[in-house]
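What follows is a short report on a single structure.
Protein chains: 2
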Amino acid sequence: MQIIITGGAGFLGQRLAKALLNSSLAFDELVLVDVLMPTSPGADSRVLCQQSDLSAEGAAQNLVTSRTGLLFHLAAVVSSHAEHDFDLGWNVNLDITRLLLEACRHQRPGIRFVFASSLAVYGGNLPALVTDSTAVTPRSSYGTQKAMCELMVNDYSRKGFVDGRVLRLPTICVRPGRPNQAASSFVSSIIREPINGELASCPVPPELALWLSSPAAIIENIIKGATLSGEDFGGWRTVNLPGIGVTVQQMLDSLERITSPETRARVQFRPDPAIDAIVSSWPGAIDNTRALQLGFRVDSHFDQFITQFISNNQA
Amino acid sequence: MQIIITGGAGFLGQRLAKALLNSSLAFDELVLVDVLMPTSPGADSRVLCQQSDLSAEGAAQNLVTSRTGLLFHLAAVVSSHAEHDFDLGWNVNLDITRLLLEACRHQRPGIRFVFASSLAVYGGNLPALVTDSTAVTPRSSYGTQKAMCELMVNDYSRKGFVDGRVLRLPTICVRPGRPNQAASSFVSSIIREPINGELASCPVPPELALWLSSPAAIIENIIKGATLSGEDFGGWRTVNLPGIGVTVQQMLDSLERITSPETRARVQFRPDPAIDAIVSSWPGAIDNTRALQLGFRVDSHFDQFITQFISNNQA
Numbered sequence: 001m002q003i004i005i006t007g008g009a010g011f012l013g014q015r016l017a018k019a020l021l022n023s024s025l026a027f028d029e030l031v032l033v034d035v036l037m038p039t040s041p042g043a044d045s046r047v048l049c050q051q052s053d054l055s056a057e058g059a060a061q062n063l064v065t066s067r068t069g070l071l072f073h074l075a076a077v078v079s080s081h082a083e084h085d086f087d088l089g090w091n092v093n094l095d096i097t098r099l100l101l102e103a104c105r106h107q108r109p110g111i112r113f114v115f116a117s118s119l120a121v122y123g124g125n126l127p128a129l130v131t132d133s134t135a136v137t138p139r140s141s142y143g144t145q146k147a148m149c150e151l152m153v154n155d156y157s158r159k160g161f162v163d164g165r166v167l168r169l170p171t172i173c174v175r176p177g178r179p180n181q182a183a184s185s186f187v188s189s190i191i192r193e194p195i196n197g198e199l200a201s202c203p204v205p206p207e208l209a210l211w212l213s214s215p216a217a218i219i220e221n222i223i224k225g226a227t228l229s230g231e232d233f234g235g236w237r238t239v240n241l242p243g244i245g246v247t248v249q250q251m252l253d254s255l256e257r258i259t260s261p262e263t264r265a266r267v268q269f270r271p272d273p274a275i276d277a278i279v280s281s282w283p284g285a286i287d288n289t290r291a292l293q294l295g296f297r298v299d300s301h302f303d304q305f306i307t308q309f310i311s312n313n314q315a
Numbered sequence: 001m002q003i004i005i006t007g008g009a010g011f012l013g014q015r016l017a018k019a020l021l022n023s024s025l026a027f028d029e030l031v032l033v034d035v036l037m038p039t040s041p042g043a044d045s046r047v048l049c050q051q052s053d054l055s056a057e058g059a060a061q062n063l064v065t066s067r068t069g070l071l072f073h074l075a076a077v078v079s080s081h082a083e084h085d086f087d088l089g090w091n092v093n094l095d096i097t098r099l100l101l102e103a104c105r106h107q108r109p110g111i112r113f114v115f116a117s118s119l120a121v122y123g124g125n126l127p128a129l130v131t132d133s134t135a136v137t138p139r140s141s142y143g144t145q146k147a148m149c150e151l152m153v154n155d156y157s158r159k160g161f162v163d164g165r166v167l168r169l170p171t172i173c174v175r176p177g178r179p180n181q182a183a184s185s186f187v188s189s190i191i192r193e194p195i196n197g198e199l200a201s202c203p204v205p206p207e208l209a210l211w212l213s214s215p216a217a218i219i220e221n222i223i224k225g226a227t228l229s230g231e232d233f234g235g236w237r238t239v240n241l242p243g244i245g246v247t248v249q250q251m252l253d254s255l256e257r258i259t260s261p262e263t264r265a266r267v268q269f270r271p272d273p274a275i276d277a278i279v280s281s282w283p284g285a286i287d288n289t290r291a292l293q294l295g296f297r298v299d300s301h302f303d304q305f306i307t308q309f310i311s312n313n314q315a
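Structural data, given as structure tokens:
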């Protein structure tokens with residue numbers, strides 16, 4: 001069986017690839033595809049790295065073959081980027097997802113199709129606790145595109161064209177590397193940069209509640225989403241992956257506790273209304289009940305997000 | 001100002017055109033466009049009928065011009081049709097809506113864009129009373145496509161590319177004419193055919209609750225949706241138009257009361273699992289509060305649906 005990961009050059013794609021290679025899951029090929037050539041996450045002969053613009057004529061259709069058994073669709077234009085480049089966001093976030101679903105339908109109907117969605121589908125006037133039955137009213141083009149794809153994956157699943165699984169990811173913290181064009185980029189920056197001895201700015205007020213998951217929990221949950229049976233999801237393939245609710249202030253308190261007041265002092269508040277408008281429209285708390293019943297796992301405390309980052313950083 | 005109605009050859013398009021021509025709304029051109037050449041709903045020099053496949057290259061872009069001030073997008077492939085012809089449904093229901101939104105964005109940004117959605121966006125495990133904040137989990141491709149368009153119209157509105165209004169229509173009863181490929185076609189057939197002296201079959205059980213609006217209320221509400229100010233909608237442009245909840249049994253009781261036992265006896269129950277699966281996934285009751293606050297109107301009793309049909313039929 002062949003496994004495909006789109007967005008294979010990205011942080012999540014690389015982490016997921018490593019985890020799959022180290023897992024007991026049986027497969028003979030792991031294709032990492034991205035618009036930039038991915039690097040292989042290890043010396044494993046099963047890995048095939050491929051540079052491809054999946055919006056190009058025929059690219060998605062050629063990617064999926066009769067050998068494909070599982071596709072993780074992680075590729076996306078992130079939130080602030082999709083807000084600034086409207087056309088690119090629709091092209092990558094909506095059109096490529098549809099091209100991939102069509103490729104599955106025609107090349108290999110019924111394969112498992114794991115779609116990485118986001119809590120950014122929520123927005124606007126939300127209840128204090130968001131649940132799976134809360135309407136999605138996104139306040140960003142990124143959230144809109146993700147919400148539309150969620151519906152599309154569900155319909156292709158209902159028709160039997162794919163065996164879809166839609167996983168709504170919490171904001172991930174701590175992402176390694178450099179800041180990106182996600183509106184949530186600061187969520188990692190305000191922990192990562194101070195630990196690396198650099199200054200960071202926080203564009204939102206300290207009382208803002210964020211809904212977070214650590215990279216380790218996300219990767220574990222993405223694989224869980226792929227290995228559950230379709231029936232486990234019931235009639236609807238979308239699930240909010242579990243997270244924990246933490247305010248920016250609590251994050252900084254953790255940072256000071258685990259590192260030092262000097263490290264904490266490297267973060268300064270510099271309000272950015274554009275970032276704030278997007279991020280504060282996202283839920284600060286989502287009911288984890290269904291996800292936990294399905295066997296997804298949840299982090300326990302934000303302190304561990306920091307220790308996880310420090311230990312990965314040193315590895 | 002020019003007004004455009006897509007789906008202008010259809011029942012709603014024709015009724016809406018007549019109502020606009022008889023209204024106090026100021027406009028100098030009313031374009032009825034459809035894939036089949038629409039007939040003019042009256043001898044009014046403001047009417048321009050146009051045959052056009054809006055999915056064709058450039059068609060949507062040429063339709064909207066700097067003179068356009070208001071666009072009613074009613075054109076759609078109906079529910080059972082979209083279920084049987086998957087590709088056509090996506091092409092007409094999703095792609096044409098997007099092409100029209102793009103045309104507005106580039107040819108005449110900020111015009112009023114009234115999108116006819118449907119209660120078919122709901123489905124699956126619904127609460128007894130559906131509200132504006134109930135998640136949409138459609139169980140048909142038609143409902144999926146409508147739900148995706150709702151999100152898209154909202155995002156284009158948020159960006160200021162159109163001044164969108166998304167109206168979720170209840171099931172309309174009584175539609176004149178012949179049965180169509182809507183899963184809900186029977187809802188009108190079981191009233192219309194017996195009155196016209198013909199037999200009709202009912203594919204769902206008598207206890208099924210339907211959520212209905214009369215044509216007169218729908219047309220009045222569509223015009224209301226166009227004339228409200230954008231601010232009236234608050235941050236979200238989607239509204240469930242008001243309806244009344246009626247069971248099939250109650251509809252047939254009304255029919256017998258207003259016509260005769262002989263007329264009622266022309267309806268026979270012939271279960272159709274495919275139709276039942278779609279229609280029974282729709283809500284039987286939706287909270288009308290927000291719509292009524294916005295000034296939309298609601299029918300009072302199903303008896304009047306029948307008398308409205310009989311009087312229109314005789315006119």
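Protein chains in written order, with the UniProt record's numbering: chain L, 1 to 315; chain Y, 1 to 315. Beta carbons: idealized from backbone N, C-alpha and C, even for Gly.
Query	Result
Three or more C-beta pairs below 8 Å linking the region 210 to 223 of chain L and the region 233 to 243 of chain L	yes
Contact under 7 Å by Cβ, Leu169(Y) with Ser118(Y)	yes
Where Trp236(L) meets chain Y, residues with beta-carbon distance less than 7 Å	Gly124 and Thr137
Same chain only: Cβ atoms within 8 Å of Met148(L), ignoring 5 sequence neighbours per side	Leu94
First and last residue of the uninterrupted beta strand (DSSP E) at His301(Y)	Premise fails: His301(Y) is in no beta strand (DSSP E) and is neither H nor E.
Cβ-Cβ distance between Ile190(Y) and Val267(Y) below 7 Å	yes
Neighbour list for Thr289(L) in chain Y, Cβ cutoff strictly below 9 Å	The premise fails here: Thr289(L) is roughly 15 Å from chain Y at the closest Cβ pair, so nothing lies under 9 Å.
Contact list for Leu129(Y) against chain L, beta-carbon separation under 9 Å	Ordered by position in chain L, no residue passes the 9 Å Cβ test against Leu129(Y), which lies about 13 Å from the chain.
Close beta carbons around Ser140(L), own chain, < 8 Å, minus the five adjacent residues each side	Ser79, Ala82, Glu83, Ala120, Gly123, Ala183, Ile278 and Ser281
Contact under 7 Å by Cβ, Ser254(Y) with Asp299(Y)	no
Pairwise C-alpha distance: Val33(Y) and Trp211(L)	47 Å
Residue interval of the beta strand (DSSP E) (run including Ala116(Y))	Arg112 to Ser118
Cβ neighbours of Gln181(Y) in the same chain (closer than 7 Å, five flanking residues each side left out)	Val78, Ser80 and His81
Within chain Y, the residues that Ala147(L) reaches when beta carbons sit closer than 7 Å	Leu151
Minimum Cβ-Cβ distance from Ser311(L) to chain Y less than 7 Å	no
Asp232(Y) classed as buried or exposed, judged by whether at least 16 other C-beta atoms fall within 10 angstroms	exposed
Rounded straight-line distance, which links the Cα of Leu99(L) to that of Arg108(Y)	30 Å
Proximity below 7 Å, CB of Arg237(Y) to CB of Arg165(Y)	yes
Reduced DSSP category for Trp236(Y) - H, G, I as helix; E, B as strand; rest coil	coil
Residue-level contact to chain Y via CB, Asp155(L), 7 Å cutoff	yes
Uninterrupted beta strand (DSSP E) stretches inside the region 148 to 226 of chain Y (no shorter than 3 residues)	163 to 169, 200 to 202 and 209 to 213
Distance CB(Leu16(Y))-CB(Ile5(Y)) smaller than 7 Å	yes
Enclosing beta strand (DSSP E) for Thr6(L) [first to last residue]	Gln2 to Thr6
Neighbourhood of Ala285(Y) by C-beta, 6 Å cutoff - its chain only, sequence neighbours within 5 removed	Leu129 and Gly245
Contact set between Arg165(Y) and chain L, taken where Cβ atoms lie within less than 8 Å	Neighbours of Arg165(Y) on chain L: none; closest Cβ ~15 Å, over 8 Å.
Beta-carbon proximity check, Thr144(Y) vs Leu151(L), cutoff 7 Å	yes
Distance, Ile172(Y) Cα to Gly235(Y) Cα	28 Å
Candidates Pro273(Y), Arg257(Y), Asp87(Y) and Arg67(Y): closest to Ala103(Y) by CA position	Arg67(Y)
Cβ-based burial, Glu193(L) [other Cβ within 10 Å; buried from 16]	buried
Element boundaries [alpha helix (DSSP H), containing Thr263(Y)]	Pro261 to Arg264
Ranges of the beta strand (DSSP E) found wholly within the region 36 to 108 of chain Y, counting only runs of at least 3	47 to 51 and 68 to 73
Within-7 Å CB hit, Thr144(L) to chain Y	yes
Close beta carbons around Ala59(Y), own chain, < 7 Å, minus the five adjacent residues each side	Ser52 and Asp53
Simplified DSSP state of Leu129(Y), which is helix, strand or coil	coil
Given residue 318(Y) as reference, the closest of Asn288(Y), Met1(Y), Gly230(Y) and Gln61(Y) once Cα atoms are compared	Within the shown structure, residues of chain Y are numbered from 1 to 315, placing residue 318(Y) beyond reach of any answer.
Chain-ordered neighbours of Asp272(Y) on chain L, where CB pairs are closer than 7 Å	Under the 7 Å cutoff, chain L gives no residues; its nearest Cβ is about 19 Å from Asp272(Y).
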